[in-house]
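All remarks here apply to the structure that follows.
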Amino acid sequence: MEKNQIIENLNTIAQLMELDGENPFKVRAFLNAARVLESEARDLSTLVKTGELSNLQGIGKSLTEAITEMVQKNKSTPLMELQKKFPAGLVECLKISGLGPKKLKILYQELGINNVGELEYACKENRLLGLKGFGLKTQENVLKGIAALKKFQGRFHLDMAWATANQIVSYLKAQHKGLQIEVGGSLRRWRETIGDIDLLIASDSSAEKIIRTFQKIPEREAVLAAGPTKASIRLQSGIQVDLRVVRAEEFPYALVYFTGNKIHNTALRARAKDFGYKLNEYGLFKGTKLIPCKTEADVYAALELQYIPPELREGFDEIEIAAEHKIPKLIEAEDIQGVFHVHSDWSDGINTLQAMQQEAMRLGLRYMGQSDHSQSATYAGGLDETRIKSQMTEIEGLNKKAKNFHIFKGIESDILADGSLDYTPKILKQFEFIIASVHSRFKMTKSQMTERILKAIQNPYTRILGHMTGRLLLAREEYEIDTEKIIEAAAKNRVAIEINANPHRLDMDWRFLKKAKAAGVKFFINPDAHSTAGLSDTWLGVHLARKGWLSKEDVINTGTLAVVAKYLSSKESL
DNA sequence: GCCGTTTTCGGCCCGACTGTTTTCAGTCG
129 MEKNQIIENL NTIAQLMELD GENPFKVRAF LNAARVLESE ARDLSTLVKT GELSNLQGIG
189 KSLTEAITEM VQKNKSTPLM ELQKKFPAGL VECLKISGLG PKKLKILYQE LGINNVGELE
249 YACKENRLLG LKGFGLKTQE NVLKGIAALK KFQGRFHLDM AWATANQIVS YLKAQHKGLQ
309 IEVGGSLRRW RETIGDIDLL IASDSSAEKI IRTFQKIPER EAVLAAGPTK ASIRLQSGIQ
369 VDLRVVRAEE FPYALVYFTG NKIHNTALRA RAKDFGYKLN EYGLFKGTKL IPCKTEADVY
429 AALELQYIPP ELREGFDEIE IAAEHKIPKL IEAEDIQGVF HVHSDWSDGI NTLQAMQQEA
489 MRLGLRYMGQ SDHSQSATYA GGLDETRIKS QMTEIEGLNK KAKNFHIFKG IESDILADGS
549 LDYTPKILKQ FEFIIASVHS RFKMTKSQMT ERILKAIQNP YTRILGHMTG RLLLAREEYE
609 IDTEKIIEAA AKNRVAIEIN ANPHRLDMDW RFLKKAKAAG VKFFINPDAH STAGLSDTWL
669 GVHLARKGWL SKEDVINTGT LAVVAKYLSS KESL
């Protein structure tokens, strides 16, 4: 069984256990194990064989057994046992907002509800009303939840979520002068997709007023909840926005509380407890005495921790490393000096080369690596030999005219099914850099796809591996690859790995960056721009790089023009 | 189910809001 399937099974087991009324801590153990596997780059079957699986934090005897069975026997006894107890469609019902395992179990047992469709029908027949703990409101909310589930798959791209959040922040600030407001949650952690937007506001006296304003935002579709300090709305776009108001002195603690993921926060509270403190959104307390903190950094410092940037608060090992004060200085937006992976109207971009150049200069960049599609990408207007020559001539002309800006001549070459690049060596040689990417034949087996990419990495002309997993967020699954082998090969062959900053890709996955860095891999943060506007996606990529613990030194396009030129030419002699 | 310098049992984070309740359970974050 492949890793993705195993992770999915662990999550399903956890959900079914909840329905079954299992010990919540046992449920958490399964969810935690799924998360651990998600961020483990090493090959699972190897981990099973060597017995290293049980060394992973959070994976003990039972989970080792369960995972081993899935790896070796391609089945899961605990999952099958649970599936006997509940119909398959019931798990889907747990996605309905406002409906949890307890209520759902009652619906299953009392009304024989098997799936979302039957539940919707039962609501419309008013059959929920007679049940203990259910009333008219609950029934209406379930119906609304079903409608929302159908309409919106419930996740949103990072760029859209930030644009929406900024819009709401501006609106609230316009209505309430001098408002202290911050975005929290997964958005502040720059997760690649977002479920909802969390906003945190400091106010000592106008909480209710602010919440009233919030409920009246023009884009709202529905007010889901509203109390004196907390409210939720859903916008017409389908995205949910949660607002929380705290007193000014509580703000730093609340910001910590509403930024870290569950695991990070749990660990932080546990650490507070070790120090004899209690930590919640209102403060850090010793008994009833507040430990005064003005900033988030003060809160971490009070727990003898180095400040942990929001991007890192995912509940991996950041707290242990912060305790040793060994969190590196992360890359920042202004470190970027130029961008690679840029398309123009020579292939499937919408703007001219010159327009792309002008926009890059306007953004304060010093260089740009032009890489239109290669000839196999006929759907994208890939370049044949003649057009390559013409484009190079145009680039040389632009370079002559522009002061302090340089365009590198490159190509995004398709990695063909057999792993070869898309041109003869004679042509490949003419480029200053080559990004090798997979754009077709996604459904190969894991070993075939891995071999294909390994061969491309070993090609002496490849300098950058483009969008490594091929995923399109919320649209297309990644293809199966052996991440560890590819990382090793990239390090060995001095091929940089791209952090594709296009909000639909954000690929390679940030979870593996730290591992790749440790293996000696270097990176490019590339916009994969198909328009002048797309160039600005680069800065999304910077946050993803930060999530992967990368520093300026790890990213090639933080270097000066001279440094990058040298980097690109240094492999020519191979 | 996991974990352990309070170690093999007994913890495992904590509070707001809703809707159903007559004092609280369920859900969510």
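The first sequence begins at 129 in my numbering and counts up one residue at a time. Ideal Cβ positions, reconstructed from N, Cα and C, are used throughout, including at glycine. As the structure is a prediction and not an experimental result, all values here were calculated from the model.
Where residue i sits in the DSSP three-state scheme
i    : result
Q711 : Missing from the structure shown is residue 711; the chain here goes from 129 to 702 and no further.
S565 : strand
E661 : According to the sequence as given, residue 661 is Ala; it is not Glu. DSSP places A661 in helix when its eight states are reduced to three.
T321 : strand
A505 : coil
L672 : helix
V311 : strand
S499 : strand
A647 : coil
E248 : helix
I436 : coil
E626 : strand
I224 : coil
L600 : strand
D473 : coil
Supposed close pair residue i, residue j - CB separation, criterion 8 angstroms
i    : j    : result
F468 : N654 : 5 angstroms
H304 : T357 : The pair is not a contact, with the Cβ atoms about 15 angstroms apart (cut-off 8 angstroms).
L412 : A430 : 6 angstroms
A505 : D445 : That pair is no contact at about 41 angstroms.
E320 : L601 : 6 angstroms
K650 : G676 : The Cβ separation is near 13 angstroms, so there is no contact.
K645 : D682 : 5 angstroms
R580 : G547 : 4 angstroms
D665 : N630 : 6 angstroms
A673 : I338 : With 8 angstroms as the limit, A673 and I338 do not qualify as a contact, their Cβ atoms being about 35 angstroms apart.
Where residue i falls, given that 16 or more other Cβ within 10 Å makes a residue buried
i    : result
H453 : exposed
E605 : exposed
A584 : buried
V691 : exposed
M496 : buried
A428 : In the sequence as presented, Ala is not what sits at residue 428; that position holds Tyr. Looking at its Cβ environment, which holds 16 or more other Cβ atoms inside 10 Å, Y428 is buried.
E462 : exposed
F379 : buried
Y385 : buried
Q237 : exposed
T688 : exposed
G648 : exposed
F153 : exposed
Segment limits, beta strand (DSSP E) that includes residue i
i    : result
I329 : 324–330
F651 : 651–654
N393 : From DSSP, N393 is part of no beta strand (DSSP E) but of the alpha helix (DSSP H) over 390–402.
A354 : 348–354
V470 : 466–470
A584 : From DSSP, A584 is part of no beta strand (DSSP E) but of the alpha helix (DSSP H) over 574–586.
S360 : 358–363
L412 : 411–414
D542 : 534–542
K457 : Unbroken run through K457: none, as it is neither H nor E.
N408 : 406–408
Contact set for residue i: own chain, Cβ-Cβ below 7 angstroms, skip 5 residues either direction
i    : result
K705 : Residue numbering for the chain in the displayed model covers 129 to 702; residue 705 lies beyond these limits and cannot be assessed.
Q343 : V351, A354, A359, I361
N137 : M198, S204, L207
M129 : M198, V199, N202
D635 : H595, M596, T597, R599, N628
Sequence-distant residues of its chain with Cβ nearer than 6 angstroms to residue i (five each side left out)
i    : result
P229 : E146, L147
K694 : none
G226 : N269, G273
H392 : R441, G443
P438 : R316, R317, T387
E700 : Only weak support exists for where E700 lies, its pLDDT of 46 falling under 50; the coordinates are left without a value.
Same chain, Cβ closer than 8 angstroms to residue i, neighbours up to 5 away in sequence not counted
i    : result
L696 : F536, E560, F561, R591
I234 : L259, K260, G261, F262
L702 : Interpretation of L702 is limited by its pLDDT of 38, a score under 50 that renders its predicted location unreliable; the figure taken from the coordinates is listed afterwards. Once the five neighbours on either side are set aside, the close Cβ partners of L702 are P588.
L511 : W474, S475, D500, H501, S502, Q503, Q519, I539
D332 : R375, A376
W667 : A461, I464, A629
I615 : A169, I625, F640, K643, A644, A647, V649
Continuous alpha helix (DSSP H) stretch holding residue i: start and end
i    : result
D426 : 424–430
N160 : 152–166
T292 : 286–303
K233 : 229–239
I516 : 513–529
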